[in-house]
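Protein chains: 2
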Amino acid sequence: MRKVLVTTVPFGDRVSLPLDLLEAAGVEYVMNPLGRKLKEDELAEMVGDFEVLIAGTEPITEKVMSRAPGLRMISRVGIGLDSVDLLAAKRRGITVSYTPDAPAPAVAELTIGLMFSLMRSIHVANVEMHMGEWRRHFGRRVSELTIGVMGAGRIGKRVLCHLAALGAGRLLVNDTNSECRLDRTIPGEWVEKDALYRGADIVSLHVPLTAQTKNMVRREQLLAMKHGAMIVNTARGGIINERELADVLRNGHLSGAALDVFCEEPYSGELSSIQSCLLTSHMGSMSADCRTRMEIEATEEAIRFLAGAPLRSMVPPAEYQVQWEGL
Amino acid sequence: MRKVLVTTVPFGDRVSLPLDLLEAAGVEYVMNPLGRKLKEDELAEMVGDFEVLIAGTEPITEKVMSRAPGLRMISRVGIGLDSVDLLAAKRRGITVSYTPDAPAPAVAELTIGLMFSLMRSIHVANVEMHMGEWRRHFGRRVSELTIGVMGAGRIGKRVLCHLAALGAGRLLVNDTNSECRLDRTIPGEWVEKDALYRGADIVSLHVPLTAQTKNMVRREQLLAMKHGAMIVNTARGGIINERELADVLRNGHLSGAALDVFCEEPYSGELSSIQSCLLTSHMGSMSADCRTRMEIEATEEAIRFLAGAPLRSMVPPAEYQVQWEGL
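From first to last, the protein sequence lines stand for chains A and B. Residues in the first sequence are numbered consecutively from 996, following the working numbering. Residues in the second sequence are numbered consecutively from 996, following the working numbering.
Following this line, the structure appears as structure tokens:
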């Protein structure tokens, strides 16, 4: 029985400390040989004789687990759990941990960067300039905008704080978690979802992908937004319906969108042909410091597990509940 | 004698108020018929029988003024005066006014947006994604960076305040104006120019174009910067030597640059072929609110001049002194 399969990519790329930790602990490990996000079948074929996965966002399904009789632990490098069938893991006695705090600062800053590009058409001008075209685009300033943040968890809250610090005109917030509303350190006015779509010049999504949020933003929500408004998704692909977003961008109702995440990654779809759609490659957590912290935390958790030591960031019951409610 | 030639482009495009003001005051005006920045010869040919120019950044030289015997006033839409031969204007008794405060908020925000794009390779990923390529770029976060701001005037100061609010790791500042150093509301450590180039992960330029700042940033300064550092210019073309910047980007010493301004505009030069170079089309002041404010202020000043009323933002003697010292 081999110990650890590292499926996430990259891993130990900028800072070798995660690899050093595994070696210092005497843990045998194998790296994802394809060097990219694995598909379900590829993972199922590879996973056979490992005890622990240090996992990215590849699908860790019932089918995958059924091919891994010795699998005892999944250590997710990141916060999202939509890729892991938590209930199947529980039935099989597989422990799941994650790194919920580490990615937040990097994702929040990428979100702010994407917003500025949209506000000032930086991405459009850059492409035009590299083609030798000179067009001066009118932009908008953060102080005259209403920005709506859907989801005020670790990342959404940081986005709101950055925007408040930059002097954003008005901030709207929505979160289904009623505890968030009691957090006095979250700037913004609490509104219902509908009011957020209707009122915001920019809508930014910071909710997890669950059965409840899948396809949460469809044509109806996009058309409810103001003419010329913009939308940002650095959360998970599938929360916005990609096909309907493409239609709404093409017909000009929205002036721009920025997506870092996609239903299928690597992405290659029709949004690539829409210039007003700013696209990045799931780089939210990809700052050197945050990525390293995620990798180290997930690796240390795997080492603790193999050593029989207490774990520090097991996935809490509420996350299992969310998946159970989605059945 | 016709009254007003509006050379700046766009003008009255988003908000027609500047045009309405001219009409309400009964001032006859002619708009730039080419719809783009004029070259010296084009302007010289057009300027013949006007009393007032509402001017963009086109060259208003001795030669141009010699062709405009009736010219009595230049009302600049913007802050930069490098395009106006102030000493020639003075000799001919031509009054020059400008709008120094209006563009600052928009330029500062564009600068922040360009910095975020550089920090996270947003512009590079966007181009790759639109070509169907998926590459995840490592980025850096503002809290771990040292950012150097050259020039702490109206715009540089705002950039520094935004960066401080976003939690920038360390801020370095340089300004030749010793009064700036006494301004306690400017965040950052005052350093000499050399120390700023050597110490910063991002250098941002916010100085006017003068004889002293022309070619201020050459190969020597660029190579003095850290390996992998980045540079932003939203001030004026010509402050960075474009050819030497292209060389330094190509050989990989700098990881990126963002330019909104160029020696010759519209720009079409070798930087267009360098993917790590983020290019925008002199859009610094092009937010709807700031652009409108600039146009209104410059128009009101022209109307006041024609009515014989006191002016509110004549170019101060210090600006004439700067050009005199550059002779």
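A virtual CB, placed ideally from N, CA and C, is assigned to each residue, including glycine.
In angstroms with no decimal places, state the Cα-to-Cα distance between residue i and residue j.
i	j	result
G1143/A	R1213/B	43 Å
N1246/A	A1224/A	13 Å
M1068/B	A1103/A	49 Å
R1136/A	V1001/A	43 Å
H1248/B	R1115/B	17 Å
V1300/B	G1088/B	Here residue 1300/B is Phe; the residue named in the question, Val, does not match the sequence. When rounded, the distance between both Cα atoms is 13 Å.
E1018/B	V1025/B	12 Å
A1063/B	T1052/B	18 Å
D1036/A	N1172/A	35 Å
E1123/B	E1187/A	37 Å
G1146/B	P1098/B	16 Å
A1252/A	T1106/B	21 Å
A1302/A	L1140/B	37 Å
L1016/B	A1297/B	10 Å
F1045/A	C1258/A	28 Å
E1128/A	F1111/B	23 Å
N1236/B	R1307/B	36 Å
L1132/A	L1273/B	As written in the sequence, residue 1132/A is His, which differs from the Leu given in the question. Distance between the alpha carbons of H1132/A and L1273/B is about 15 Å.
R1179/A	S1276/B	42 Å
P1261/B	A1020/A	60 Å
L1014/B	L1254/B	31 Å
Return the first residue and the last residue of the alpha helix (DSSP H) that residue i is part of.
i	result
N1246/B	From DSSP, N1246/B is part of no alpha helix (DSSP H); its letter is neither H nor E.
S1092/A	Premise fails: S1092/A lies in the beta strand (DSSP E), T1090 to S1092, not in any alpha helix (DSSP H).
L1158/A	R1149 to A1160
E1046/B	Unbroken run through E1046/B is the beta strand (DSSP E), F1045 to A1050; no alpha helix (DSSP H).
Y1315/B	P1312 to E1320
C1285/A	A1283 to A1302
K1058/A	E1057 to S1061
V1119/B	I1117 to H1125
M1026/B	Counting along the chain, M1026/B falls outside any alpha helix (DSSP H), though it belongs to the beta strand (DSSP E) covering Y1024 to M1026.
P1016/B	The displayed chain sequence assigns Leu, not Pro, to residue 1016/B. Taken as a continuous stretch (DSSP letters only), the alpha helix (DSSP H) holding L1016/B covers L1012 to A1019.
L1038/A	E1035 to M1041
L1081/B	L1081 to R1086
A1190/B	K1188 to G1194
Does any C-beta atom of chain B lie closer than 7 Å to the C-beta of residue i?
i	result
T1275/A	yes
S1308/A	no
M961/A	Chain A is shown only over 996 to 1322; residue 961/A falls outside these bounds and no answer can be derived.
S1011/A	no
A1297/A	no
S1263/A	yes
A1160/A	yes
M1225/A	no
M1220/A	no
Could you confirm whether any beta carbon from chain A is found closer than 7 Å to the beta carbon of residue i?
i	result
S1250/B	no
R1131/B	yes
A1283/B	yes
G1108/B	yes
M1026/B	no
S1199/B	no
F1111/B	yes
S1267/B	yes
A1230/B	no
M1289/B	no
M1211/B	no
Along the beta strand (DSSP E) that carries residue i, what are the first and last residues, could you check?
i	result
T1141/A	T1141 to M1145
L1200/A	I1197 to L1200
R1214/B	Here R1214/B belongs to no beta strand (DSSP E); instead the alpha helix (DSSP H) covers R1214 to A1219.
I1069/B	M1068 to R1071
L1166/B	R1165 to N1169
R997/B	R997 to V1001
L1398/A	The displayed coordinates of chain A run from 996 to 1322. Any statement about residue 1398/A would go beyond what the structure contains.
I1226/B	M1225 to N1228
Determine the chain D residues that contact residue i at a beta-carbon separation under 8 Å, and present them in chain order.
i	result
R1067/B	The structure shown contains no chain D; the protein chains it does contain are A and B.
May I ask you to list, following chain order, the residues of the stretch 1124 to 1153 of chain A that have a beta carbon less than 9 Å from some beta carbon of chain B? Taking 9 Å as the Cβ-Cβ cut-off, the stretch 1124 to 1153 of chain A approaches chain B at M1124, H1125, M1126, G1127, E1128, W1129, R1130, R1131, H1132, F1133, G1134, R1135, R1136, V1137, S1138 and E1139, given in chain order.
At a CB distance below 7 Å, what residues from the stretch 1085 to 1108 of chain B approach chain A? Give them in sequence order. Taking 7 Å as the Cβ-Cβ cut-off against chain A, the residues of the stretch 1085 to 1108 of chain B that qualify are P1100, A1101, E1104, L1105, I1107 and G1108.
Would you list, in chain order, the members of the stretch 1113 to 1124 of chain A that have their beta-carbon closer than 8 Å to a beta-carbon of chain B? Along the stretch 1113 to 1124 of chain A, going in chain order, the ones with a CB nearer than 8 Å to a CB of chain B are M1114, R1115, S1116, I1117, H1118, A1120, N1121, V1122, E1123 and M1124.
Pull out every residue of the stretch 1034 to 1063 of chain A whose Cβ sits closer than 9 Å to any Cβ of chain B, in chain order. Correct list: empty, as no residue qualifies.
On the three-pair Cβ rule with 8 Å, is the stretch 1148 to 1162 of chain A touching the stretch 1285 to 1292 of chain B? In short, these stretches do not touch, since the Cβ pair count stays below three.
Below 8 Å, can you find three or more Cβ-Cβ pairs linking the stretch 1065 to 1082 of chain B to the stretch 1072 to 1084 of chain A? By the Cβ criterion, the stretch 1065 to 1082 of chain B is not in contact with the stretch 1072 to 1084 of chain A, since fewer than three pairs of Cβ atoms, one from each stretch, lie closer than 8 Å.
Mind the definition here: the stretch 1215 to 1230 of chain B touches the stretch 1194 to 1203 of chain B only if three or more C-beta pairs lie below 8 Å; say whether that holds. In short, these stretches touch, since the Cβ pair count reaches three.
Taking Cβ-Cβ distances below 9 Å as the criterion, which residues of the stretch 1169 to 1201 of chain A are in contact with chain B? From the stretch 1169 to 1201 of chain A, no residue has a Cβ closer than 9 Å to chain B.
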